[in-house]
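J.:
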Amino acid sequence: MTTTTSLTDRYVWTVSRQLPDEIGPDVARELRGALTETIEAKVAAGTDPREAELAAVRELGDPDVLAREYLGRPSHLIGPRFYAEWVRVLTFLLSFVLPVIVLVTVGVQVLATDKGVGALIGTGIGLAVQVALHLVFWTTLAFALVERYGSGGEGERFVSEWDPADLADPDVLWRRPGTLEVFGDVLFGVIVTLLVVWQFAGVGGRGIQVLDPDLSLGWQATVVGLLLAEVAATLLVWMAGRWRVVFSLAHAATNVALAVVLIHLVLDGRLLTDLPQVLGEKFGWDVDWSVSTPAVVLGVVVVCGWDVVTSLTRLVRSARMRRHRGVGQ
């Protein structure tokens, strides 16, 4: 059965989700009561109920700005009138524009130059830092100049007008994983699995053999199986419609098991090839160096640990948002 979340519910949820548990439920109850009284007064005056609710929500204004007022946090860096829009713009630039610029630039260098893996990684990191600094600096400068020297009309045009239609539905954001979220997780999992299978099968003369193809078939099947299990857990969450406890714990347990298996094989010297020799033959390097086993183990812990924390965080946030939504209903 499909339920429709009212505009009031969406507004209350958008504000209260940004507040700590100590004040979130009280604020949600207060907002819901204020909206209900305003709507009832407008309906009694002859306004259509849907139009009355829309007008009541619009009168309260941008929920992000209202949430910051409840938190009592000063927004002096840019100013309260522009702060919410400044955060939105920076979030978009750093989460979308920055990765695209770095990936495209590094991809072009892979195709057009003979740079080694280390040089490409260094280029990507350096470019990411430079682009991020420029995005933050110039965006902040633009908002500061408009706030201080722009006329009122220019300032209003600079900031997008808030529309109640932009309110997110908690049923979509927290009960059901987003399409992009699932697509990204599944795509990444499939790519990693295919790379692992390719490595175990032997890469031939053109590739770099990182994983040991002589690893026993049982261990190879275990690693590949755990990677596929993580992909399956993500799809099950999507099919279930929300981050249920059983699926979140299964997703976390899969990552823990994968980390244990990989660390065991690394410490036992059976997972990786002799990388110094392989890279020396591939690129002609004469430098005497070796792969640090603790560094590899740390990398495994960080990657798998991040997935575990993400799974549990999504579960906790989902429960918290549903609790805030339920206040006064």
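Heads up: take any position in the sequence shown, counting from 1, add 2, and you land on the numbering used here. From the three backbone atoms N, C-alpha and C, an ideal C-beta is built for every residue, glycine too. Owing to the predicted nature of the structure, the values given are computational and were not obtained by experimental measurement.
Does D28 come within less than 8 angstroms of chain C when only Cβ atoms are used?
T.: Note that chain C does not occur in the displayed structure, where there is just one protein chain.
J.: Please report the distance separating the alpha-carbon of I80 from that of A146.
T.: Position 78 of the sequence shown, counted from the start, is the residue given in the question as residue 80. Position 144 of the sequence shown, counted from the start, is the residue given in the question as residue 146. The alpha-carbon atoms of I80 and A146 are separated by roughly 6 angstroms.
J.: Counting pairs of beta carbons, one from the segment 295-304 and one from the segment 247-259, are three or more of them closer than 8 angstroms?
T.: Because the criterion of three Cβ pairs below 8 angstroms is not met, the segment 295-304 and the segment 247-259 do not touch.
J.: Which residue marks the beginning of the alpha helix (DSSP H) containing R12, and which one marks its end?
T.: Mapped onto the sequence shown, residue 12 falls at position 10. Its alpha helix (DSSP H) spans residues 9-18.
J.: For the alpha helix (DSSP H) that R246 lies in, which residues bound it at each end?
T.: In the sequence shown, counting from the first residue as 1, residue 246 sits at position 244. Here R246 belongs to no alpha helix (DSSP H), and DSSP marks it neither H nor E.
J.: Do V247 and L317 count as a contact pair if the criterion is CB distance below 8 angstroms?
T.: Translated into the one-based positions of the sequence shown, residue 317 becomes position 315. Translated into the one-based positions of the sequence shown, residue 247 becomes position 245. Closer than 8 angstroms, so yes.
J.: Where A47 and T40 are concerned, what is the direct C-alpha to C-alpha distance, given to the nearest angstrom?
T.: Here residue 47 corresponds to residue number 45 of the sequence shown, with the count starting at 1. Here residue 40 corresponds to residue number 38 of the sequence shown, with the count starting at 1. So the two alpha carbons sit approximately 11 angstroms from each other.
J.: Where do the N-terminal and C-terminal ends of the alpha helix (DSSP H) with R31 fall, by residue?
T.: The residue you call residue 31 lines up with position 29 of the sequence shown. 26-46 is the extent of the alpha helix (DSSP H) around R31.
J.: Could you tell me the alpha carbon to alpha carbon distance between Q222 and V239, rounded to whole angstroms?
T.: What you label residue 222 is simply residue 220 of the sequence shown in a count that begins at 1. What you label residue 239 is simply residue 237 of the sequence shown in a count that begins at 1. Those two C-alpha atoms are separated by around 26 angstroms.
J.: Which of helix, strand or coil does DSSP assign to L213?
T.: As a position in the sequence shown, residue 213 is number 211, starting the count at 1. Strand, per DSSP.
J.: Could you check if P65 is buried or exposed, using at least 16 other CB atoms within 10 Å of its CB as the buried criterion?
T.: Here residue 65 refers to the residue found at position 63 of the sequence shown. Buried, by the Cβ-count rule.
J.: Using the DSSP secondary-structure output, state which residues sit across from L274 in a beta bridge.
T.: In the sequence shown, counting from the first residue as 1, residue 274 sits at position 272. Partner(s): L213.
J.: To the nearest whole angstrom, what separates the beta carbons of V198 and V233, a pair I think is in contact under 8 angstroms?
T.: Here residue 198 refers to the residue found at position 196 of the sequence shown. Here residue 233 refers to the residue found at position 231 of the sequence shown. Between V233 and V198 the Cβ distance is about 12 angstroms, and since that is not below 8 angstroms, they are no contact.
J.: Just reading off the alpha helix (DSSP H) that L68 is part of, what are its end residues?
T.: Here the question's residue 68 lines up with position 66 in the sequence shown. Counting along the chain, the alpha helix (DSSP H) containing L68 begins and ends at 65-73.
J.: When DSSP labels each residue in this structure, what does P22 get in the three-state scheme?
T.: For the purposes of this step, residue 22 is taken as residue 20 along the sequence shown, with counting starting at 1. If DSSP states are grouped into helix, strand and coil, P22 belongs with coil.
J.: Going along the chain, which residues of its own chain have a beta-carbon closer than 6 angstroms to the beta-carbon of L264, five neighbours each way excluded?
T.: Translated into positions along the sequence shown, residue 264 becomes position 262. Once the five neighbours on either side are set aside, the close Cβ partners of L264 are V302.
J.: Quick one: is W140 buried, meaning 16 or more other Cβ sit within 10 Å of its Cβ, or exposed?
T.: By one-based count along the sequence shown, residue 140 stands at place 138. It counts as exposed.
J.: Less than 8 angstroms between the beta carbons of A69 and L21, yes or no?
T.: Here residue 69 corresponds to residue number 67 of the sequence shown, with the count starting at 1. Here residue 21 corresponds to residue number 19 of the sequence shown, with the count starting at 1. Their beta carbons are under 8 angstroms apart, which means A69 touches L21 by this criterion.
J.: Mind the definition here: the segment 88-107 touches the segment 24-40 only if three or more C-beta pairs lie below 8 angstroms; say whether that holds.
T.: Short answer: they don't touch.
J.: Can you list, in chain order, the residues of its chain with a C-beta nearer than 7 angstroms to that of R60? Leave out the 5 residues immediately preceding and following it.
T.: For the purposes of this step, residue 60 is taken as residue 58 along the sequence shown, with counting starting at 1. Excluding positions up to five away in sequence, the list reads P166.
J.: Measure the alpha-carbon distance for D214 versus L237 and round it to whole angstroms.
T.: Along the sequence shown, read from residue 1 onward, the residue named residue 214 stands at position 212. Along the sequence shown, read from residue 1 onward, the residue named residue 237 stands at position 235. Answer to the nearest angstrom: the Cα atoms are 30 angstroms apart.
J.: Between the C-alpha atoms of A252 and A235, what's the straight-line distance to the nearest angstrom?
T.: Here residue 252 refers to the residue found at position 250 of the sequence shown. Here residue 235 refers to the residue found at position 233 of the sequence shown. Whole-angstrom Cα-Cα distance: 7 angstroms.
J.: Which residue wins for smallest C-alpha separation from D11, given the options G35, V226, E24, I25?
T.: Taking the first residue of the sequence shown as position 1, residue 11 is located at position 9. Of the listed residues, the one whose Cα sits closest to D11 is G35.
J.: From T107 to F190, what distance separates their C-alpha atoms?
T.: Here the question's residue 107 lines up with position 105 in the sequence shown. Here the question's residue 190 lines up with position 188 in the sequence shown. Approximately 20 angstroms, taken between the alpha carbons.
J.: Under 8 angstroms Cβ to Cβ from L100, same chain only, skipping five residues before and after it: list those, please.
T.: Numbered from its first residue, the sequence shown carries residue 100 at position 98. Around L100: A130, V133, A134, L137.
J.: Under the three-state reduction of DSSP, which class applies to T49: helix, strand or coil?
T.: Looking up residue 49 in the sequence shown gives position 47. Correct three-state label for T49: coil.
J.: Would Y13 and L73 be called neighbours here (beta carbons separated by less than 8 angstroms)?
T.: Translated into the one-based positions of the sequence shown, residue 13 becomes position 11. Translated into the one-based positions of the sequence shown, residue 73 becomes position 71. Going by C-beta atoms, Y13 is not nearer than 8 angstroms to L73.
J.: Evaluate T315 with the Cβ neighbour count: other Cβ atoms within 10 Å of its Cβ, from every protein chain shown; 16 or more gives buried, anything less gives exposed.
T.: By one-based count along the sequence shown, residue 315 stands at place 313. Classification for T315: exposed.
J.: Please report the distance separating the alpha-carbon of R177 from that of S313.
T.: Against the sequence shown, residue 177 aligns to sequence position 175. Against the sequence shown, residue 313 aligns to sequence position 311. Confidence is the limiting factor: at R177 the pLDDT is only 49, short of 50, which leaves the residue's position unreliable and the question unanswerable from this model.
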